[in-house]
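There are 2 protein chains.
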Amino acid sequence: MTIKLGLVGTGTVGGGCIDILNAHADSFARHYGINLELVRVCSRNPEQAQAHGVSDIFTDDYQEILSDPDIDIVIELIGGTTVARNVVLGALAAGKNVVTANKALMATHGQEIMEAASAAGKEIAFEASVGGGIPIIDPLKHCLISNEILSVMGIVNGTTNYMLTNMAEQGSDYSEVLREAQLKGFAEADPTADVGGYDAAAKIAILASIAFNSRVTLDEVFTEGITHISPVDLEAARDMGYCVKLLAIAHRTAEGIDVRVHPTMLPLTHQLATVNGVMNAIYVVGDAVGETMFFGPGAGAGPAASAVMGDVLDMARRLQAGVSPLVGCTCTDDLPIVPMADLKTKYYIRFTVADRPGVLSATAGVFAKHDVSVRSVIQRGQKSGGIVNLAYVTHTARESNVRAVLDEIAQLEDVLRDEPSVIRVED
Amino acid sequence: MTIKLGLVGTGTVGGGCIDILNAHADSFARHYGINLELVRVCSRNPEQAQAHGVSDIFTDDYQEILSDPDIDIVIELIGGTTVARNVVLGALAAGKNVVTANKALMATHGQEIMEAASAAGKEIAFEASVGGGIPIIDPLKHCLISNEILSVMGIVNGTTNYMLTNMAEQGSDYSEVLREAQLKGFAEADPTADVGGYDAAAKIAILASIAFNSRVTLDEVFTEGITHISPVDLEAARDMGYCVKLLAIAHRTAEGIDVRVHPTMLPLTHQLATVNGVMNAIYVVGDAVGETMFFGPGAGAGPAASAVMGDVLDMARRLQAGVSPLVGCTCTDDLPIVPMADLKTKYYIRFTVADRPGVLSATAGVFAKHDVSVRSVIQRGQKSGGIVNLAYVTHTARESNVRAVLDEIAQLEDVLRDEPSVIRVED
Chain G
1 MTIKLGLVGT GTVGGGCIDI LNAHADSFAR HYGINLELVR VCSRNPEQAQ
51 AHGVSDIFTD DYQEILSDPD IDIVIELIGG TTVARNVVLG ALAAGKNVVT
101 ANKALMATHG QEIMEAASAA GKEIAFEASV GGGIPIIDPL KHCLISNEIL
151 SVMGIVNGTT NYMLTNMAEQ GSDYSEVLRE AQLKGFAEAD PTADVGGYDA
201 AAKIAILASI AFNSRVTLDE VFTEGITHIS PVDLEAARDM GYCVKLLAIA
251 HRTAEGIDVR VHPTMLPLTH QLATVNGVMN AIYVVGDAVG ETMFFGPGAG
301 AGPAASAVMG DVLDMARRLQ AGVSPLVGCT CTDDLPIVPM ADLKTKYYIR
351 FTVADRPGVL SATAGVFAKH DVSVRSVIQR GQKSGGIVNL AYVTHTARES
401 NVRAVLDEIA QLEDVLRDEP SVIRVED
Chain V
1001 MTIKLGLVGT GTVGGGCIDI LNAHADSFAR HYGINLELVR VCSRNPEQAQ
1051 AHGVSDIFTD DYQEILSDPD IDIVIELIGG TTVARNVVLG ALAAGKNVVT
1101 ANKALMATHG QEIMEAASAA GKEIAFEASV GGGIPIIDPL KHCLISNEIL
1151 SVMGIVNGTT NYMLTNMAEQ GSDYSEVLRE AQLKGFAEAD PTADVGGYDA
1201 AAKIAILASI AFNSRVTLDE VFTEGITHIS PVDLEAARDM GYCVKLLAIA
1251 HRTAEGIDVR VHPTMLPLTH QLATVNGVMN AIYVVGDAVG ETMFFGPGAG
1301 AGPAASAVMG DVLDMARRLQ AGVSPLVGCT CTDDLPIVPM ADLKTKYYIR
1351 FTVADRPGVL SATAGVFAKH DVSVRSVIQR GQKSGGIVNL AYVTHTARES
1401 NVRAVLDEIA QLEDVLRDEP SVIRVED
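In order, the protein sequence lines correspond to chains G and V.
Residue 13 in the numbering used here sits at position 13 of the first sequence, with consecutive numbering throughout.
Residue 1094 in the numbering used here sits at position 94 of the second sequence, with consecutive numbering throughout.
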């Protein structure tokens, strides 16, 4: 029996999938008895199809894939949440199994898609949507299910990790490393999704939903990007024995799911602190297993295609055996999301302020007024042009109080010269 | 439908499994629709059964578990390769599925057991046999199968990693850290299996068999332990930008499988170099995915039980659905093992020699004679009692030539004062 594949999207990842099939289809048959055949490829770019030698099975209309009765598995790799949603829901409705790498789609319309798959009695798999080539969704859905998962924290965006690593190592500033990342192809021309933390937010929504058996959607994830991080913050972190990472964090707490994405100071002794450059890693804590970490390349043709084709092969194995889907939606609980205002953690807050007497006492007074206990305040970096950096580190404080401090300091006359840099501390 | 379990072995890991069942059986039913019931427990120690509150289902005869027609899954946690082999083969022959944590058994009798499972149409799972709680066998058997795996390298023995970490950090010598590890319960009273590298050898045999689709058995793994490593070696490594780890290594090469366990100098920039103390990690390189690493606790009640119960749950999911085994033995190829004599790598070799003129030239002459090109030689550590350490680092050389050098230097009159410390370099 041969499992027939329809591929929608021939960009980087789609091309990588074709490459894997060309290289290893014989091995898949020999090692695992899995026979795959790519029978139809859809794209807006016939040139891409041509470049991968699949012009003979090319179409520019994805409906031709959905309506082809021979196709068993549809691979959706076009991204976005509009056409991609139609492709995925249409494929399921047409009785096909689906593999996707689409994080935004799963983080936004995950429930609808899981329900559609269940109604159709078909499978949906999306390993490549988080962490590129790193196996993480399958381990969470299979290997670790004997645990109550307590935390999932990840460096799940390679662009920002590359930028923060370079800022720390070279002391370059944000706009410099962004330009460098763009030149090297590690950042998009419009980098908003990466540097704003939205890409990471989609990924932690997916991971938290699986880890805690409770649906978390993209819009429920508090998200802060790295655009206000400066080398002076990374230097301060280093002095304190920390590094700064854009962390996607999800903790199970007594009050519900604490889920957020923001720049985070992490002790240099933490395993996630060893993850540099474009690499990704997801750190999972379970009540039985303790700490585990899954490390690898978070993006790129080969890594993402490795995950997509891993899903396809495992699915094909079941289809060949005539097995109905074994794992559907596991979001059986309905845990609340902890309001960000209730977060209790430590804060590093750097203010760029006017270099004049009274600023320290004025700002310190605002911390005191809102019951935010200050552990240290230090002037950092060079004075220049009448401007100076004041870096506060707090004891454990409530986010709502810290917000009140930030709001009130922003109102002080002739104090702030720029947006403050807020970095929460994860111990 | 309830899946009934028979547990053989109530030591650390068996106790951990009972704890997980007690804590989470309700969650397994709610989240995954998996219903588990422990119906029989076998052990040589009724006290252990009593301590875990399972005296009512206790037996000291494992045949009672094999012959119980109600039992669906037998969990073998007694270790060793004699009784355990009888339990596992007996259970399969009796039509039961089997989960085991037994690395020695799988690395020695893996083929026989896989064939017995296949003949019986039953499943055998052994995630806990490598890396404790770290998911690695399932990712290799599912997530990464779209890759040709090029390398698997692991820090898979917590005892030796703890000892090497402490020797490096504290400068303590081998016998000191061994004693400390024994006091803390990280090393056995008879530490041979750990410090001799045999535990790691069993694990890499299992990983290589899966990764390369070709059976590797324990006796085929070249194995060297850490007993000759001294703080002076770790200091030398540090000076060169390396750390020393007991690595279990398996590479796919044009000549076959290069598989071995020995102390290894690893660049400090390598991701495995960040794995310290009792933690384990397995580093996998695939042709599509590139570098990945799986990190976590390699031993302990909770971690090992997490892996065992993960296998049990995933198996139970299939049994409840009436699904026949989906993945059997995948050792479809028959790759040769590369003879250790043919290995080509760089070597660090420290000789403890008599502190007298002529020793340097005599030893250096032997390297030259056997065509082993020396990159550096340096006197390391303190002279004491007429003894001095000479540390050679070679360029890439052939193992057989290096062996000839070592043999000949051992024969030199009045030169060696102790066994040399040989550390291969992995770049």
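Ideal Cβ placement from N, Cα and C applies to all residues, glycine included.
Next item on the list: Kindly say whether V/P1336, judged by its beta-carbon, lies nearer than 8 Å to any beta-carbon of chain G.
Entry: Not closer than 8 Å to any Cβ of chain G, the Cβ of V/P1336 fails to qualify, so no.
Next item on the list: Show which residues of chain G have a CB atom less than 7 Å away from the CB atom of V/N1213.
Entry: H31
Item checked: Boundaries of the beta strand (DSSP E) in which G/M293 is found, first to last residue -> G290 to P297
Notebook entry, point to check: In terms of alpha-carbon separation, which member of V/S1129, V/V1152, V/I1282 and V/C1331 lies closest to G/A29?
Noted result: V/C1331
Check: With burial defined as no fewer than 16 other Cβ atoms inside 10 Å of the residue's Cβ, what is the status of V/H1395: buried or exposed?
Finding: exposed
Check: Does V/S1324 get closer than 8 Å to chain C when you measure Cβ to Cβ?
Finding: No chain C appears in the structure shown, which is made up of the protein chains G and V.
Margin query: For chain G, check one thing: does any of its Cβ atoms lie closer than 8 Å to the Cβ of V/S1306?
Written below: yes
Note to self: Taking the alpha-carbon of G/T292 as reference, which of G/A181, G/G154, G/R317 and G/E180 has the nearest alpha-carbon?
What the structure shows: Ranked by Cα distance from G/T292, the first of G/A181, G/G154, G/R317 and G/E180 is G/G154.
Notebook entry, point to check: Using a Cβ-Cβ cut-off of 8 Å (strictly less than) and excluding sequence neighbours within five positions of G/T227, which residues of its own chain qualify?
Noted result: Y174, V195 and G196
Note to self: If distances are taken between C-alpha atoms only, which option among V/V1425, V/V1285 and V/I1020 comes closest to V/R1238?
What the structure shows: V/V1425
Note to self: Comparing C-alpha positions only, which one of G/D233, G/A107 and G/D199 sits nearest to G/A168?
What the structure shows: Comparing Cα positions, the closest option is G/D233.
Next item on the list: Report buried or exposed for G/R375, applying the criterion of at least 16 other Cβ atoms within 10 angstroms of its Cβ.
Entry: When all chains shown are included, G/R375 counts as exposed.
Next item on the list: Can you tell me the Cβ-Cβ gap for G/D287 and G/L150, rounded? I've got them flagged as a contact below 8 Å.
Entry: 6 Å
Next item on the list: Note down, in chain order, all residues in the segment 1122 to 1151 of chain V with a beta-carbon under 7 Å from any beta-carbon belonging to chain G.
Entry: E1127, G1133, I1134, P1135, D1138, P1139, H1142, C1143, L1144, I1145, S1146, N1147 and E1148
Next item on the list: Determine the chain G residues that contact V/A1025 at a beta-carbon separation under 8 Å, and present them in chain order.
Entry: Near V/A1025 there are no residues of chain G at all, since even the closest Cβ is about 10 Å away, more than 8 Å.
Item checked: Whole runs of the beta strand (DSSP E) within the segment 1 to 81 of chain G, excluding any shorter than 3 residues -> 3 to 8, 36 to 42 and 73 to 76
Check: Got a sec: which bits of the segment 1175 to 1207 of chain V sit with their beta carbon under 7 Å from any beta carbon on chain G, in order along the chain?
Finding: none
Next item on the list: Closer than 8 Å, Cβ to Cβ, to anything on chain G: give me those residues from the segment 1234 to 1261 of chain V, in chain order.
Entry: none
Checklist line | chain V residues whose Cβ lies nearer than 7 Å to that of G/M20 | finding: The sequence shown places Ile at residue 20 of chain G, not Met. By Cβ distance, chain V contributes S1146 and A1288.
Next item on the list: Pick out whichever of G/Q63, G/D314 and G/L77 has its Cα sitting closest to the Cα of G/C436.
Entry: Because chain G in this structure spans residues 1 to 427, residue 436 of chain G falls outside the shown range and cannot be described.
Item checked: Close-in-space but distant-in-sequence residues of the same chain around V/V1177 (CB under 7 Å, 5 per side omitted) -> M1163, N1166 and M1167
Check: What is the residue span of the alpha helix (DSSP H) that V/T1217 lies within?
Finding: Counting along the chain, V/T1217 falls outside any alpha helix (DSSP H), and DSSP gives it neither H nor E.
Notebook entry, point to check: With a cut-off of 8 Å, does the C-beta of G/P357 fall near any C-beta of chain V?
Noted result: Answer no: the Cβ-Cβ gap between G/P357 and chain V never drops below 8 Å.
Next item on the list: Answer with yes or no whether the minimum CB distance from V/E1037 to chain G is below 8 Å.
Entry: Output row for V/E1037: interface = no.
Margin query: Suppose the cutoff is 7 Å on Cβ atoms and the five residues either side in sequence are ignored; what does the same chain contact list for G/V327 look like?
Written below: K141
Next item on the list: Along the alpha helix (DSSP H) that carries V/P1303, what are the first and last residues, could you check?
Entry: A1301 to Q1320
Next item on the list: Name, going along the chain, the residues of the segment 275 to 299 of chain G whose beta-carbon falls closer than 7 Å to a beta-carbon of chain V.
Entry: G286, A288, V289, G290, E291, T292, M293, F294, F295, G296 and P297
Next item on the list: Can you have a look at V/E1255 and say buried or exposed, based on whether 16 or more other CB atoms are within 10 angstroms of its CB?
Entry: exposed
Check: What three-state label does DSSP hand G/D173 in the structure shown?
Finding: coil
Note to self: Counting beta carbon pairs with one atom in the segment 377 to 389 of chain G and one in the segment 308 to 322 of chain G, are three or more of them shorter than 8 Å?
What the structure shows: no
Next item on the list: Could you tell me which uninterrupted beta strand (DSSP E) segments, each at least 3 residues in length, are contained entirely in the segment 312 to 367 of chain G, listed from first to last along the chain?
Entry: 344 to 354
Checklist line | Simplified DSSP state of V/V1415, which is helix, strand or coil | finding: coil
Next item on the list: Using beta-carbon positions only, say whether V/A1201 and V/A1248 come within less than 8 Å of one another.
Entry: yes
Next item on the list: Starting from G/S209, follow the alpha helix (DSSP H) in both directions and report where the run begins and ends.
Entry: Y198 to A211
Margin query: Taking DSSP's pairing of strands, which residues face V/Q1249 in a bridge?
Written below: Inspection of the sequence shows that residue 1249 of chain V is occupied by Ile rather than by Gln. The partner list for V/I1249 (beta bridge, DSSP) reads V/M1153 and V/R1260.
Notebook entry, point to check: Around the Cβ of V/N1102, are there at least 16 other Cβ atoms within 10 angstroms (buried) or fewer (exposed)?
Noted result: buried
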